[in-house]
Amino acid sequence: MTPLSAQKRAEARVGLMLAAPAILLLVLLVVLPVLATAGFSLTDYRLGTQAIGFAGFDNYAALWNDPRFWQSVANTATYTLIVVPGSVGLGLGAALLIESRGWLKPFYRVAYFLPVASTFIAMAIVWEFLMNPSVGLFNQILAALGLPSVNFLGNPQTALYSMAAIGIWELTGFNMVLFMAGLSAIPRDLYDASAVDGAESGWDRFRMVTWPMLGPTTFFVVIITMIRAVRVFEVAAVITQGRPEGATEVLLYSIYVQAFQYFNIGYAAALIVVFLAVTALIALAQARFGGQREANR
Amino acid sequence: MRRRSSSSLVSSIASHAVLMLGALVMLLPFLWMALTSLKPPQEIFRFGLHILPEQWGGAENYGRVFSDTPMLRFLVNGIVVCSAIVVLQVLIAVPAAYALARIPFRGRSLFFSLILISLLVPIQVPSLFLYLGFAHAGLLDTYASLVLPFIISAFAIFLLRQHFLHFPQEVIEAARLDNFGEFEIAWRIVLPSARPAIGAFAVFSMVAHWNDLYWPLVVVTDPAMATPPLGVVFFRNQESGSDFGALMAAATVISAPLILAFLLAQRTFVRGLTSIR
């Protein structure tokens, strides 16, 4: 039964063989493209030109001085700052309310989760129709109430907020399900103990037991939602094309336009590096503070 | 006692009212999409609030979707692309995850670090280089360009590694005592136990790729190669906002498969889509 070193070596060979296709593909489809993109960002490469020249940090300097880039960053940040609290708060609220209501629970769960399971771009086109300035349902309702019509996605004042409302609609049900899982993991007897400690109202129970016990879940949900919100793309790309006046220009859409419509490879690569840095920072925050939280327990 | 039960009745009614209102908002786009797809144009463009269709425009709207676009082709493309992606992802991830979890080999920890880093890299990051590669190879507008970037899933490998890692060692020891070979243990005992995890991942991946718009938008310009999301975008741009009935019918057709699957297998869906934790 004693393991021979020859046997160990044979085993290691099998291990490497099993992992080899994945390693090869990972290098080819992820590692190499990421490194190459970082490399492109230091060149003046444009599709169609013959020579590629080294440009140092020129692309990054151009980004820094490009008001459109800053607008794109600001829009993405604003969108995220609306969608994260909105969909996390509503998701938590829905989970709490649904948990304590017995018989309609399955219906609510399906209704709130349906946006998550549906094809988002199709629903985005439906939202565009709902928000249509002349024949859309919302403006028909406003007209019936005697209110002036609103060009939700066409007015620079409202376009980004309308897009954020669609984002909240899209993500709330997902967060709700994560919170429901978190709620079901809270031991019942903690609530009994809190009653002994003088918790009387539902609010007391929430403040003393539910909220602290949900801490790790909430943190996780916030991070996940942030990562998804930063990747907002479809509505801007298909419905508004970043308009009006750049009000819905968001990071991924800027990347898409620079890379695949203008074929400004070097500039787009710099944008991609910035985008990767932003998403990596969010994920690192999770690893850093999420881990610390666990350790504190 | 009485005060308490009447106040709980009030709070129960209030909760249901709030939840119902929320459910209405969540379902509104679906209802409006389906209702509009059944209305003739004169009703859609008529001023004032009309909820239910008065005249039947469904046949015309859905008929236009299938006559003006290769809608069946979009759906077939979606099924081919998603199935190919999921099958290849699983075939490549299972052995790699098993090796990562149970077989020490040289470079294993480096490989695992790469997996963890790759989890942070969304498709938009390698997309530029991959696009140039596919363009150079003349593979734009092909199934290959739609499928290949996704066949390595760091997420699948990570998920399955966790599963294999937590497989009870006693079961393996017991199988060894019964003279099972290592290969038999892997194939007949450990692997079947991963079926639920693979199923959850398959649902997650199917939904993600059926819905993906970014990558098809990058590599496909030929309508014959469009996946359903790209197909509906082509149709929208071609209609340019004049025929909402047919546009809503198209949206209904491409979102129906996932919605039906979700309604039939809610538990599997919720588990699959939230398996990212």
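The listed protein sequences correspond, in order, to chains L and H. Position one of the first sequence corresponds to residue 1 (this note's numbering), numbered consecutively onward. Position one of the second sequence corresponds to residue 1 (this note's numbering), numbered consecutively onward. Think of the CB as a built atom: it goes at the ideal place given N, C-alpha and C, for glycine as much as any other residue.
- A straight line joining the alpha-carbon of Leu130 (chain H) with that of Gly167 (chain L) spans about 28 Å.
- Per the Cβ contact rule, the segment 219–238 of chain H is not in contact with the segment 103–122 of chain H (fewer than 3 Cβ pairs under 8 Å).
- In this structure Leu132 (chain H) is buried. Its beta-carbon is surrounded by 16 or more other beta-carbon atoms within 10 angstroms.
- Per the C-alpha coordinates, the member of H:Val87, H:Leu165 and H:Leu120 positioned closest to Ala101 (chain H) is H:Leu165.
- Residue environment for Asp197 (chain L): exposed (fewer than 16 other C-beta atoms within 10 angstroms of its C-beta).
- Judged by beta-carbon spacing, Trp210 (chain H) lies within the 7 Å limit of Cys82 (chain H), meaning their Cβ atoms are closer than that value.
- Only residues of its own chain outside the window of five on either side were considered, and among them Val221 have a CB closer than 6 Å to the CB of Leu178 (chain L), listed in chain order.
- Within chain H, no C-beta atom comes less than 8 Å from the C-beta of Thr49 (chain L); the nearest is roughly 13 Å away.
- From the listed residues L:Ala164, L:Ala283, L:Ile223 and L:Ile265, the smallest Cα separation to Val83 (chain L) is found for L:Ala164.
- Sequence-distant Cβ neighbours of Ala159 (chain L) in its own chain, meaning closer than 8 Å and more than five residues away, are Phe152, Leu153, Thr240, Arg243, Pro244, Ala247 and Thr248.
- The CB of Arg236 (chain H) comes closer than 8 Å to the CB of Ile125 and Val238 in chain L, given here in chain order.
- For Pro229 (chain H), the enclosing alpha helix (DSSP H) has its first and last residue at Pro228 to Glu239.
- Chain H places a beta carbon closer than 7 Å to that of Leu29 (chain L), counting this residue as a contact.
- Interface with chain L (7 Å Cβ-Cβ cutoff): Phe180 (chain H) is excluded.
- DSSP places Ser254 (chain L) inside the alpha helix (DSSP H), whose first and last residues are Leu251 to Phe260.
- Linking Ala246 (chain H) to Met123 (chain L) through their CA atoms gives a straight-line distance of about 14 Å.
- Annotation: the continuous alpha helix (DSSP H) that includes Leu128 (chain H) extends over Gln124 to His136.
- Between Leu21 (chain H) and Tyr108 (chain L), the C-beta spacing is not below 7 Å.
- Rounded to whole angstroms, the separation of the alpha carbons of Asn155 (chain L) and Gly91 (chain L) is 29 Å.
- Using a Cβ distance threshold of 7 Å, Pro149 (chain H) and Leu29 (chain L) count as a contacting pair.
- Taking Leu146 (chain H) as the centre and dropping the five residues before and after it, the same chain places the C-beta of Val81 closer than 6 Å to its C-beta, in chain order.
- Contact annotation: Ala249 (chain H) and Tyr98 (chain H) have beta-carbon atoms that are not nearer than 7 Å.
- The beta carbon of Gly173 (chain L) sits closer than 6 Å to the beta carbons of Tyr112, Phe113, Pro115 and Val116 from its chain, once the five residues preceding and following it are set aside; these are given in chain order.
- Residues of the segment 57–80 of chain L that bring their beta carbon within less than 9 Å of a beta carbon in chain H are absent altogether.
- For Lys8 (chain L), the enclosing alpha helix (DSSP H) starts and ends at Ser5 to Leu26.
- At a cut-off of 7 Å between C-beta atoms, Glu200 (chain L) does not count as an interface residue with respect to chain H.
- Shortest Cα-Cα distance from Asp212 (chain H) to any of L:Thr119, L:Phe138 and L:Thr76 involves L:Thr119.
- From the beta-carbon of Gly22 (chain H), the residues of chain L found nearer than 9 Å are Leu90, Gly93, Ala94, Leu97, Tyr108, Ala111, Tyr112 and Thr172.
- In the structure shown, Phe54 (chain L) adopts extended strand secondary structure according to DSSP, grouped into three states.
- Judged by DSSP secondary structure, Phe262 (chain H) falls within the alpha helix (DSSP H) whose first and last residues are Phe244 to Leu264.
- By the C-beta density criterion, Asp243 (chain H) is buried, having at least 16 other C-beta atoms within 10 angstroms.
- Residue contact with chain L for Tyr214 (chain H): present (Cβ-Cβ distance below 7 Å to some residue of chain L).
- In summary, the residues of the segment 117–131 of chain H whose CB is separated from some CB of chain L by less than 9 Å are Ile117, Ser118, Leu119, Leu120, Val121, Pro122, Gln124, Val125, Pro126, Ser127, Leu128, Phe129, Leu130 and Tyr131, in the order they occur in the chain.
- By DSSP's assignment, Thr43 (chain L) forms a beta bridge with L:Phe54.
- Cβ neighbours of Ala229 (chain L) within its own chain (closer than 7 Å, five residues either side excluded): Tyr79, Thr80, Val83, Val84 and Gly167.
- Nearest to Leu24 (chain L) by alpha-carbon distance, out of H:Ala93, H:Pro196 and H:Val233, is H:Ala93.
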